[in-house]
Structure formats: structure tokens, C-alpha cells
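*Asks:* Numbering-wise, the sequence shown is residues 52 to 476 according to my numbering.
Each residue gets a CB set at the ideal place from its N, CA and C atoms; glycine is no exception.
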Amino acid sequence: MHSRNPNLADQIIGFLMPLGLFLEVGSPILLATSPLAQEGFAFPLSLLALPLAVILGISRRSPIKIYPSAITFLAVAFTVYCLAMSSIYSTIYAPTAFLYGGQWCVVFLWMFYLSSIYENDRFISFIKAFSIGAGFTIFYYFVSGALELFIYGGLQDGGRVSQNLILPGQYQIAVSVPTVIAYGVIIINACHFSRLYSSNKFVLIITNMAAAASVAFCAAREALLVIIVYCVFVLLAHGGVRRVLAFGLLLVLGFIAINPSMIADIFANSEFKLFAKLASLDNSEKYLGNRDTMIKDVIIIIKENPFFGTFFLPPNSEILFINANAPSAHNMYVDAFLWSGLLGGSLFLIICVLLLSLAMKRVLSPYSDYLGRHTGIALVVFLLVSNNLNVPMRQPAIAPMLAVIIYICAYWSSAERGDSRHAKG
Numbered sequence: 052m053h054s055r056n057p058n059l060a061d062q063i064i065g066f067l068m069p070l071g072l073f074l075e076v077g078s079p080i081l082l083a084t085s086p087l088a089q090e091g092f093a094f095p096l097s098l099l100a101l102p103l104a105v106i107l108g109i110s111r112r113s114p115i116k117i118y119p120s121a122i123t124f125l126a127v128a129f130t131v132y133c134l135a136m137s138s139i140y141s142t143i144y145a146p147t148a149f150l151y152g153g154q155w156c157v158v159f160l161w162m163f164y165l166s167s168i169y170e171n172d173r174f175i176s177f178i179k180a181f182s183i184g185a186g187f188t189i190f191y192y193f194v195s196g197a198l199e200l201f202i203y204g205g206l207q208d209g210g211r212v213s214q215n216l217i218l219p220g221q222y223q224i225a226v227s228v229p230t231v232i233a234y235g236v237i238i239i240n241a242c243h244f245s246r247l248y249s250s251n252k253f254v255l256i257i258t259n260m261a262a263a264a265s266v267a268f269c270a271a272r273e274a275l276l277v278i279i280v281y282c283v284f285v286l287l288a289h290g291g292v293r294r295v296l297a298f299g300l301l302l303v304l305g306f307i308a309i310n311p312s313m314i315a316d317i318f319a320n321s322e323f324k325l326f327a328k329l330a331s332l333d334n335s336e337k338y339l340g341n342r343d344t345m346i347k348d349v350i351i352i353i354k355e356n357p358f359f360g361t362f363f364l365p366p367n368s369e370i371l372f373i374n375a376n377a378p379s380a381h382n383m384y385v386d387a388f389l390w391s392g393l394l395g396g397s398l399f400l401i402i403c404v405l406l407l408s409l410a411m412k413r414v415l416s417p418y419s420d421y422l423g424r425h426t427g428i429a430l431v432v433f434l435l436v437s438n439n440l441n442v443p444m445r446q447p448a449i450a451p452m453l454a455v456i457i458y459i460c461a462y463w464s465s466a467e468r469g470d471s472r473h474a475k476g
């Protein structure tokens, strides 16, 4: 039996996992500060915790049976496939293949570690630190944007917070960081309302306001969509007035969808880039940022080499001699087939279907508590919303958020099954 005392290593790992700051080798303070970060030399601080997490998971002999056996088997199979194939391709084509292949495995490596904190005290110690790290990220980007507005009179990157202008360590602020903020505040809220640990309601309100402002500062449509869809699902999951509110919100969204021109006129001249981007959705040539065209280009590449994909290299790599420039379909499921081929893509798709099934069981189960039900909703939103705006599964900054959501869904499902069997007995 492991010690039931709070574990310092778990607290450190928990704090780093949702931290939206990035390291850059060329920076004197290590945090991303220079144009080098724009060339891909910055990596998230949470990756520093992953080796320690894997070591702890191995040393504790993680009871991975916490996850459903089918998910466990397929996750291990997909991870081994990605690491093995990318290792082989890195020797044949380019060393970077291993790095790109490894990106798809990060979330499953996190899941392996999380299965080692199944004891109640250890998990609470971890999730408290995780919430602090998520809150730190939210306020870090809020302060950065607020100071930029105050000092310069506006957001200098065309209506978006400027990378590293005020505070260092910022990178991927258009996609990864806002998504981390969105899911971070969702987990914080779930922990608060489930009374998993003591927290202050006033602090929670301020944190939510700062998260909304941070998403606006980053001009991130995906993060905004995640928060809106999550709120709709939460309201629908409860009875009475909340369902009425959900229906009202759906009517508002429907009105916006039917009258995009009027909404575009309202938003088009806004100083905030997020509003301008929402206004541009009325332009059919820019539908979802040309995501439909990207998917078509990627499908052409898949047809050229369906069994091996792009050998875990970017599809526009000169070494592949492919007549298409489509570095990503910006669709999680299409990209899985693109990068890893037929076998890897099939494994990935089955895993996602099983995760969706697990999440729906958490949402619909009569035994679900607030934490389990709402992380189940978050997992549904992740699988249904995030896929066509970016590829979160292979983004190391977002992977820890998904891993925590999956763990809570799986662990609480296991715990509730035990409780229900005990009650029947």
C-alpha cells in the first residue's frame, strides 16, 4: 500500500500539467522570448513533468485496470505502434519523424501516470495542484492582455494579445493555450461544485471572468466554442430552469447562425480580433478558415499512401515528394490516418469511439456525481468540438488536459460500479 500522505512529486506534476508557459533553449531566462519560438523551438513546461510522471507510474506499478480493458489495450497498442514506426522512419527519412510520432502518444503516457494516483488522498493532492496551475495560466494571460491594453491602449497583434510583449513564456497563443484555458476552467469548476476540496466562490467567479477575458484576448474561436457548447450541455444535463436557459441559449445560437450578416456587421469593426474572426465566418470562402479545403488536400495525400500515411512527417515535407501542401487537415481524426496510416488511424478512431462511449455513460449514469458527470461532458465536447479546429491529441500542451478528463471519467466509473454492486449486495 502506498503512503496516504500528500505526495510532493504529485503536486509538482499536477501544477506543471496545465501550465501554459513554454521554454526556449535560446532564451537567457529559458522562457520563450525571441523569434526562435516562432520556428518551433519552444516546448511546454508540462513536458518537463512527463518523464518524472512516467518514472513514478512505473515505480508504483500503476493499476492500469482502472481504465476499461479495451481502452487500455488499444492505447498501449497505438502507443507502441507510433513509437516503433516513427523510430524506423526516423532512420529512413528524417530524425524528426520520432518527435512527430511521439506527439500522438503523449496523452496515453499521461494516462499511465494518472492511474498511479488512484488513492483518494493522493488524487486530491494532485488535483489541488492541478487547479492552481490552471488558475495560474488563466491569470498569467489575463494580466498580460490587460497590461497590454493599459500600456499600449489596445492589443497590438491586430486585436490579439501579442506574444511575449508584456510577459515572457507565451507561445501557441492562437490555438493550444486558449484551449488549455478553456478546459482548465472547466475542471476547476467541476472540482469546486463537486466539493472535492475547499474553495472560495468569489475566487471561482473571478477565475471564470479572467478565463473568458483571456480567451477573448487570444482571439480563439475554438476555446470560445468549447466553453459555449460545454455550458449548453451542462444546462441540458440538469432539470427545471437550467433546461429553459439551455433552450434559450440554443435559440440565441440559432439566431446567430441564421443571421450571420447582421452579426458580422456588429463585430466587423471591433478592436478585438476574436470578434473580427467571428464576423469573417460569414464569408463562404473562409468557412472555418478553409478547413474544408485542407481536408480535401489531406485526403488526396492519404489516397497516395493509405497504409503508411506520411511516415509521421509533416505532409508538406520535401522528402515525401507529395504534390500537395497540407501540413494538417486541422481535423483530429483525418490527421490520425494522414500521419500514421491505415492501422494507426483505425486504432485511434476506435479509441475515440470507446472514449465517447465512456463519457456518455458518465453523463447518463444515475450514480454519477458532479465531478464525474461534468468531466464526462467535457470529454464529449473535446471529441465532438475540438477535432475540426485543430489536432489537440498531438499537441503536448493540450494532451494533459484530456488525460485528466479521461482519468476522472474512468476512475469514477470504476468507483461507482463498486458502490452500486455493494448496494445491491
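Among Glu75, Leu160, Ile456, Lys412, whose alpha-carbon lies nearest the alpha-carbon of Ala128?
*Replies:* Per the Cα distances, Leu160.
*Asks:* Between the alpha carbons of Met136 and Gly152, how many angstroms are there, rounded?
*Replies:* Met136 and Gly152: Cα-Cα distance of roughly 8 Å.
*Asks:* For Met452, tell me which candidate among Phe66, Asn58, Leu59, Ala60 has the shortest Cα-Cα distance.
*Replies:* It is Phe66 whose Cα lies nearest to the Cα of Met452.
*Asks:* What does the alpha-carbon distance come out to for the pair Ser195 and Lys354?
*Replies:* One C-alpha to the other measures close to 45 Å.
*Asks:* Give the straight-line distance between the Cα atoms of Asn240 and Pro443, rounded to the nearest whole angstrom.
*Replies:* Rounded to the nearest angstrom, the two C-alpha atoms are 21 Å apart.
*Asks:* Roughly how many angstroms separate the alpha carbons of Ser471 and Ser227, rounded to a whole number?
*Replies:* Because the pLDDT of Ser471 is 49, which lies under 50, any placement of that residue in the model is unreliable, and the question is left without a value.
*Asks:* For the alpha helix (DSSP H) that contains Pro102, what are its first and last residues?
*Replies:* It spans 97 to 110 - the alpha helix (DSSP H) in which Pro102 sits, taken as one unbroken run.
*Asks:* For Leu72, does the count of other Cβ atoms within 10 angstroms reach 16, so buried, or fall short, so exposed?
*Replies:* Under this definition Leu72 is a buried residue.
*Asks:* Assuming Ile115 and Ser166 make a contact with CB atoms under 8 Å, what is their CB distance in whole Å?
*Replies:* Indeed, because the Cβ distance is near 5 Å, the residues count as touching under 8 Å.
*Asks:* Report the CB separation of Phe187 from Ser265 in whole angstroms; it is logged as a contact under 8 Å.
*Replies:* That belief does not hold up - the Cβ atoms of Phe187 and Ser265 are roughly 12 Å apart, past 8 Å.
*Asks:* For Ala267 and Leu275, what's the separation of their Cα atoms in angstroms?
*Replies:* Roughly 8 Å between the two C-alpha positions.
*Asks:* If we ignore side chains and look at the alpha-carbon of each, how far apart do Leu59 and Phe362 end up?
*Replies:* Their backbone Cα atoms lie some 40 Å apart in a straight line.
*Asks:* Buried or exposed: which applies to Thr142, given that a residue is buried once 16 or more other Cβ atoms fall within 10 Å of its Cβ?
*Replies:* By the neighbour-count rule (16 or more Cβ atoms within 10 Å), Thr142 is not buried but exposed.
*Asks:* Please report the distance separating the alpha-carbon of Ser78 from that of Tyr222.
*Replies:* Cα to Cα, the separation comes out at about 13 Å.
*Asks:* Is the stretch 244 to 252 in contact with the stretch 198 to 214, if contact means three or more CB pairs nearer than 8 Å?
*Replies:* The answer is no - the stretch 198 to 214 does not touch the stretch 244 to 252, with fewer than three Cβ pairs under 8 Å.
*Asks:* If you follow the beta strand (DSSP E) that Phe193 is part of, which residue opens it and which one closes it?
*Replies:* It is not in any beta strand (DSSP E) - Phe193 instead sits in the alpha helix (DSSP H) that spans 171 to 203.
*Asks:* Alpha carbons only, please: which of His425, Leu406, Cys133, Phe399 is nearest the one belonging to Val280?
*Replies:* Looking at the Cα atoms, His425 is the closest of the given residues.
*Asks:* Cβ of Ile428 within 8 Å of Cβ of Ala225?
*Replies:* No, they are not a contact pair.
*Asks:* Output the distance between the C-alpha atoms of Ala261 and Val231, rounded to the nearest integer angstrom.
*Replies:* So the alpha carbons of these two residues sit roughly 14 Å apart.
*Asks:* Is Pro311 helix, strand or coil when you go by DSSP?
*Replies:* Since pLDDT at Pro311 reaches only 46, below the 50 mark, its modelled position is unreliable, and the value read off the structure follows with that caveat. Of the three classes helix, strand and coil, the one that applies to Pro311 here is helix, per DSSP.
*Asks:* Is the beta carbon of Gly235 sitting closer than 8 Å to the one on Pro447?
*Replies:* No, the pair does not count as a contact, with Cβ atoms beyond the cut-off.
*Asks:* According to DSSP, simplified to helix, strand and coil, what is Phe388?
*Replies:* Three-state DSSP puts Phe388 in a helix.
*Asks:* Is Arg413 helix, strand or coil when you go by DSSP?
*Replies:* In this structure, Arg413 counts as helix in the three-state DSSP scheme.
*Asks:* Less than 8 Å separating the beta-carbons of Pro357 and Leu407?
*Replies:* Not closer than 8 Å, so no.
*Asks:* Does the beta-carbon of Tyr477 have 16 or more other beta-carbons within 10 angstroms, so that it is buried, or is it exposed?
*Replies:* Since the first residue shown for the chain is 52 and the last is 476, residue 477 is missing from the structure and cannot be characterised.
*Asks:* Thinking C-beta only, is Gly220 closer than 8 Å to Leu82?
*Replies:* In contact: Leu82 and Gly220 (Cβ atoms closer than 8 Å).
*Asks:* Are Asp61 and Ser176 touching if we call contact CB-CB under 8 Å?
*Replies:* For Asp61 and Ser176, yes; Cβs fall inside 8 Å.
*Asks:* Suppose contacts are defined by Cβ-Cβ distances below 8 Å. Is Cys242 in contact with Ile168 by that definition?
*Replies:* No, these two residues do not count as a Cβ contact at 8 Å.
*Asks:* Which residue's Cα is closest to the Cα of Val212: Thr258, Gln154, Ala271, Ala233?
*Replies:* Comparing Cα-Cα distances from Val212 to each of Thr258, Gln154, Ala271, Ala233, the minimum goes to Ala271.
*Asks:* For Phe190, I'd like the list of residues in its chain whose CB is within less than 7 Å of its CB, leaving aside the five on either flank, ordered along the chain.
*Replies:* The residues are Ala261.
*Asks:* Kindly indicate which three-state DSSP category Arg246 falls into: helix, strand or coil?
*Replies:* Coil.
*Asks:* Can you tell me the Cα-Cα spacing of Gly464 and Phe94, whole angstroms?
*Replies:* Per the sequence shown, the amino acid found at residue 464 is Ser instead of Gly. Looking at the two C-alpha atoms, the distance is approximately 34 Å.
*Asks:* Helix or strand or just coil, what does DSSP make of Ala233?
*Replies:* If DSSP states are grouped into helix, strand and coil, Ala233 belongs with the helices.
*Asks:* Between which two residues does the beta strand (DSSP E) holding Leu275 run?
*Replies:* No beta strand (DSSP E) contains Leu275, which is instead part of the alpha helix (DSSP H) from 272 to 287.
*Asks:* Would you say Met162 reaches chain C, if we count a Cβ-Cβ gap shorter than 8 Å as a contact?
*Replies:* Annotation note: the requested chain C is absent from the structure, which comprises a single protein chain.
*Asks:* Under 8 Å by Cβ, that's how I've got Ile352 and Leu389 pegged, so tell me the actual separation to the nearest angstrom.
*Replies:* Sure, about 6 Å apart at Cβ, within 8 Å.
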